[in-house]
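Here is the structure we will look at, set down as structure tokens.
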Amino acid sequence: MQFLLSLIVTLLAFSIALVSSDVAGPRNGRTLRAIALLIGFLAAIASIYQFASRFIISIPAGKVGIVELFGYVEDAPLTPGLHTINPFAKVVTFSTRLKDIKETVSVTSKEGLLFTMDVSLQYKLNPYKAGEVYENIGTEE
276 MQFLLSLIVT LLAFSIALVS SDVAGPRNGR TLRAIALLIG FLAAIASIYQ FASRFIISIP
336 AGKVGIVELF GYVEDAPLTP GLHTINPFAK VVTFSTRLKD IKETVSVTSK EGLLFTMDVS
396 LQYKLNPYKA GEVYENIGTE E
């Protein structure tokens, strides 16, 4: 959305620069044209930056990225580091770090005594199965 907005501003500024001397006269037209060209140039730089930033993605350490393009999920995960991707693709990240679930459970013994027990489970996501997890289960949310 920001890309489209900056592209519209760029086109509008360059159009004003082209017709400025006809609208505002020769003296004020130069000033208006210079301002319009400056705004157009800055908006063009912003448009180029936003468009180019859609091609490069950074996956942080301890995470993997899954590329989804028009509903198709790629099998190979994106490992930590810089990657080039299709600008229309969506990248979903999953944590591959060790996680811990702690629960307190009330149990009854053979003799009928009730006591509580703390249970801890450690797990982590296999990075090469992240695409399958995303397709079948969804995100961590």
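One gets the working numbering by counting positions in the sequence shown from 1 and adding 275 to each. Ideal Cβ placement from N, Cα and C applies to all residues, glycine included.
If you drop the 5 nearest sequence neighbours on each side, which residues of the same chain put their C-beta closer than 7 angstroms to that of residue i?
i: L373; result: Q397, K399
i: I334; result: G340, L353, T354, P355, G356, H358, T368
i: T285; result: G315, A318, A319, S322
i: T371; result: G337, K338, V339, K399, L400, P402
Starting from residue i, follow its DSSP beta bridges and name the residues at the other end.
i: V367; result: I341
i: I360; result: The partner list for I360 (beta bridge, DSSP) is empty, contrary to what the question assumes.
i: Y403; result: Y403 is not bridged to any residue.
i: D393; result: T379
i: I323; result: Answer by DSSP bridge pairing: none, since I323 is not bridged.
i: V408; result: According to DSSP, V408 bridges with nothing at all.
i: L353; result: G340
Cβ-heavy atom distance between residue i and the ligand COA below 8 angstroms?
i: T306; result: With respect to small molecules bound, the structure shown includes none, and the ligand COA cannot be examined in it.
What separation, rounded to the nearest whole angstrom, lies between the Cα atoms of residue i and residue j?
i: P402; j: L357; result: 17 angstroms
i: A311; j: R329; result: 27 angstroms
i: I314; j: L287; result: 10 angstroms
i: I360; j: V366; result: 9 angstroms
i: A321; j: G346; result: 29 angstroms
i: I283; j: I412; result: 40 angstroms
i: T414; j: Y324; result: 29 angstroms
i: G406; j: S290; result: 47 angstroms
i: F390; j: D375; result: 23 angstroms
For residue i, which of the options has the nearest alpha-carbon?
i: M392; options: V380, A351, V348; result: V380
i: I332; options: S370, E378, S384, A364; result: A364
i: E349; options: K404, V382, A336; result: K404
i: V394; options: K377, S384, T383; result: K377
Among residues of its own chain, excluding the 5 on either side of residue i, which ones have a beta-carbon nearer than 8 angstroms to its beta-carbon?
i: Y409; result: I341, E343, V348, V367, F369
So, does the segment 307-315 touch the segment 338-353, judging by three or more C-beta pairs under 8 angstroms?
no
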